[in-house]
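A.B. asks: The structure that follows is given in the form of structure tokens.
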Amino acid sequence: MIVSKNITQFKEIEQLKSQFVSMVSHELKAPVAATIGFLDILLNPKMKITDEQRSDFLTRSTLRLRSLLTMVNDLLDISRIELNTVKREIVKIDLAALVQETVEMMQFEAAKKNITIKFSAEENSFVIEADRLEIERVITNLMSNAVKYNKTDGEVAVTLGRKGAYIVLKIKDTGIGLKPEEKNRLFSVFFRAKNVFIKAFTAPGLDCR
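Residue 173 in the working numbering is what sits at position 158 of the sequence shown, and the numbering runs on without skipping anything.
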């Protein structure tokens, strides 16, 4: 029974891993293709573009390359975790400043769907000790999902505060949310909710991610 259970779990993980790699491979194409398109326009002497358009294309290219780098880093992290070679650099971080930077970075993508991002913090500074890259990646991924799977004219509410000895970061959005059974698997290896690909939906209120 134990052997049978282990084999079943192994097969499920391998299937999820395969689906994850397929999904990432598909999503890698979008930022690469978009960046090549913008750079082709910038390098084409026949294209008459304004300085404002040039700046816009460069900004878009930078954002897409950042998203590409994030996905590549995620894949590398998965490999390191499986090989038990993860190395963390613990430093002091001002979480409020980091969240504010992420909010500002996401404003461009949010504007495409006329999504409003609101950020409020109970204090000006929240200093923690952690690996900056990992914390930054978690916040960026959560906020990116809140924008990507939100509705047009939607809203993302980001709050930072304290609850006893803990610092609490909340990211709420007017997106499609997760089903109860999906929330139970939220931290499973390679798990991804099926309804994330739904394009048309309605959301009566803010839904906590």
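Ideal Cβ placement from N, Cα and C applies to all residues, glycine included.
Are there 16 or more other CB atoms within 10 angstroms of the CB of VAL171, so buried, or fewer, so exposed?
C.D. replies: buried
A.B. asks: Just to confirm the assignment, what range does the beta strand (DSSP E) spanning SER135 have?
C.D. replies: 131-136
A.B. asks: Round the Cβ separation of ILE130 and GLY192 to the nearest angstrom and send it over; I've been treating them as touching at under 8 Å.
C.D. replies: Wrong, their Cβ atoms sit about 15 Å apart, outside the cutoff.
A.B. asks: Can you give the beta carbon distance from PHE72 to ILE56, rounded, assuming they're within the 8 Å contact cut?
C.D. replies: 6 Å
A.B. asks: Considering only their Cβ atoms, is the gap separating THR77 from ARG152 smaller than 9 Å?
C.D. replies: no
A.B. asks: Can you tell me the Cα-Cα spacing of LYS26 and SER33, whole angstroms?
C.D. replies: 10 Å
A.B. asks: Cβ of GLU144 within 9 Å of Cβ of ILE186?
C.D. replies: no
A.B. asks: Would you please state the rounded distance, in angstroms, between the beta carbons of ILE154 and VAL114? I believe it to be under 8 Å.
C.D. replies: 6 Å
A.B. asks: Determine the DSSP secondary structure at GLN177, reduced to helix, strand or coil.
C.D. replies: The question names Gln, but residue 177 is Arg in the sequence shown. ARG177: strand per DSSP, three-state reduction.
A.B. asks: Thinking just about the alpha-carbon of each residue, which of VAL87, MET120, GLU138 and THR65 is nearest to the one in LEU110?
C.D. replies: GLU138
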